[in-house]
Ligand code: MG
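Spelled out as structure tokens, the structure:
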């Protein structure tokens with residue numbers, strides 16, 4: 179199967195993030211000190227801007243030491259993902275490369291020509307020796323975490339090269355490899371850098387949910403784009419309940435079966451929402467919080483937009499620019515994020531169709547999110563008085 183989906187690619191947010199973080203006041207120290215300090219690290223930040231302007235903005239606003247580490251973590255996983263996404267590699271070569279990729283980070287001078295499905299990715303792999311130098315300059319504690327995640331992700335991707343996503347279990351496992359592990363690795367990096375507490379390291383289930391929530395939202399939203407490129411990420415066990423073919427949904431976008439399947443997929447993604455809030459609650463560093471919270475609020479807003487929306491089957495559905503701007507600007511505290519989740523849960527509740535097979539489950543899910551949010555708001559408003 180062809181796998182080309184990644185939480186590492188949220189491109190449409192770029193301009194808005196620049197609006198928020200691109201100002202001279204935030205982390206201008208990166209540009210100045212990095213170029214003097216290290217040519218390879220400067221190359222890495224430069225490449226980060228090219229491969230993902232959105233992530234570049236949120237990564238640059240992190241405190242300096244962890245910003246460098248996350249930049250490398252991002253580029254290494256981007257390199258790995260570029261191997262996974264290259265459809266010209268033979269299965270044999272790809273599987274071997276995915277499994278061994280983590281060892282390349284220690285091979286000075288290693289680089290890879292003509293691999294990657296976009297010019298920026300090919301350039302990243304062709305200059306991978308510079309990434310390796312910058313990686314080897316990191317503290318060993320960070321190298322170990324990045325290596326562990328890179329090994330697990332590469333081996334998981336390799337397992338899926340020749341198989342498809344049949345069951346919900348496959349779906350959860352694949353999303354764990356490509357996205358859940360990113361959440362787990364970031365938690366470990368934040369804890370190791372001491373910008374966040376050690377408690378974060380023991381929250382793998384929540385960190386995994388953070389990644390799954392983003393990945394599943396992208397998978398649901400990108401039905402049309404993926405179908406046009408012959409990629410199917412929706413688990414077969416789910417979509418075959420509603421249509422004999424995956425293309426069938428795009429041919430009958432307003433049929434109740436099509437919308438039921440879509441809502442089934444949204445329900446599955448929504449099941450991770452409260453885990454994400456539990457995770458965000460633990461964070462104490464405001465910059466780490468924004469880094470984690472911005473993609474999450476964009477995801478819940480996207481789910482509210484795509485729920486029961488037949489356009490998903492025929493076009494690329496996006497949230498309004500104005501709404502995206504509002505979300506990015508307000509995702510600075512747990513209270514604000516909880517308010518956004520509550521607002522989006524109620525937007526979904528208003529769209530629940532009568533008499534559809536998954537409507538009852540959607541109602542239960544949004545009520546659960548709503549109850550969680552009300553409790554969280556009551557707690558956070560009370561806490562100053564207790565103190
Ligand atoms: Mg991929």
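In my numbering, the protein residues as written are 179 to 565. By construction, the Cβ of each residue, glycine as well, lies at the ideal position given by its N, Cα and C atoms. Note that the structure is a prediction, hence the values are computed from the model and not measured.
Residue i - containing alpha helix (DSSP H), residue span
i, result
"residue 412", "No alpha helix (DSSP H) holds residue 412; DSSP gives it neither H nor E."
"residue 368", "359-371"
"residue 338", "318-338"
"residue 217", "217-229"
"residue 311", "306-314"
"residue 461", "Premise fails: residue 461 is in no alpha helix (DSSP H) and is neither H nor E."
"residue 398", "382-399"
"residue 347", "346-353"
"residue 343", "Where residue 343 is concerned, there is no enclosing alpha helix (DSSP H), given that its DSSP letter is neither H nor E."
"residue 499", "499-508"
Under the three-state DSSP convention, the category residue i falls into
i, result
"residue 433", "coil"
"residue 425", "coil"
"residue 518", "helix"
"residue 532", "coil"
"residue 239", "coil"
"residue 292", "coil"
"residue 284", "coil"
"residue 450", "coil"
"residue 554", "helix"
"residue 267", "coil"
"residue 418", "coil"
"residue 375", "coil"
"residue 407", "coil"
"residue 542", "helix"
"residue 262", "helix"
"residue 272", "helix"
Min CB distance residue i to chain D below 8 Å
i, result
"residue 389", "Considering every chain present, this structure includes no chain D. It has just one protein chain."
Other residues of its chain near residue i: CB distance less than 8 Å, five sequence neighbours each side excluded
i, result
"residue 452", "546, 547, 550"
"residue 267", "261, 275, 293"
"residue 552", "520"
"residue 375", "369, 460, 462"
"residue 272", "261, 262, 264, 336, 339"
"residue 468", "236, 239, 509, 510"
"residue 216", "312, 315"
Chain-order list of residues whose beta-carbon lies under 7 Å from that of residue i (same chain, five-residue window excluded)
i, result
"residue 428", "402, 405, 491, 492"
"residue 494", "402, 403"
"residue 300", "292, 293, 294"
"residue 446", "394"
"residue 212", "Confidence in residue 212 is poor, its pLDDT being 46 and thus under 50, which makes the residue's placement unreliable; the coordinate value appears in the next sentence. These residues qualify, in order along the chain: 219, 220, 223."
"residue 431", "488, 491, 492"
"residue 543", "445, 448, 449"
"residue 367", "244, 247, 248, 251, 320, 323"
"residue 434", "534"
"residue 280", "325, 328, 329, 332"
"residue 558", "512, 513"
Integer-rounded CB distance, given that residue j should sit under 8 Å from residue i
i, j, result
"residue 461", "residue 516", "Not really, about 13 Å apart at Cβ, beyond 8 Å."
"residue 341", "residue 277", "Rounded, the Cβ-Cβ distance is 15 Å, inconsistent with contact."
"residue 331", "residue 448", "Wrong, their Cβ atoms sit about 25 Å apart, outside the cutoff."
"residue 313", "residue 254", "7 Å"
"residue 373", "residue 241", "6 Å"
"residue 471", "residue 458", "6 Å"
"residue 290", "residue 303", "4 Å"
"residue 478", "residue 530", "Not really, about 16 Å apart at Cβ, beyond 8 Å."
"residue 417", "residue 397", "Not really, about 12 Å apart at Cβ, beyond 8 Å."
"residue 426", "residue 386", "With a Cβ gap of about 32 Å, residue 426 and residue 386 do not count as contacting."
Other residues of its chain near residue i: CB distance less than 6 Å, five sequence neighbours each side excluded
i, result
"residue 414", "344"
"residue 534", "438"
"residue 308", "218, 221"
"residue 474", "454"
"residue 556", "none"
"residue 298", "228, 229"
"residue 410", "424"
beta-carbon residue i near the ligand FMN non-hydrogen atom, thresh 7 Å
i, result
"residue 298", "This structure simply doesn't include the ligand FMN; it includes the ligand MG instead."
Cβ contact check for the segment 358-365 and the segment 325-335: 3 or more pairs under 8 Å: yes
Pairing CB atoms from the segment 518-529 with CB atoms from the segment 477-494, are three or more of them under 8 Å? yes
Taking contact to mean 3 or more Cβ pairs, one atom from each stretch, closer than 8 Å, check whether the segment 440-448 and the segment 486-503 are in contact. yes
Would you call the segment 283-297 and the segment 380-400 touching, i.e. three or more CB-CB distances under 8 Å? no
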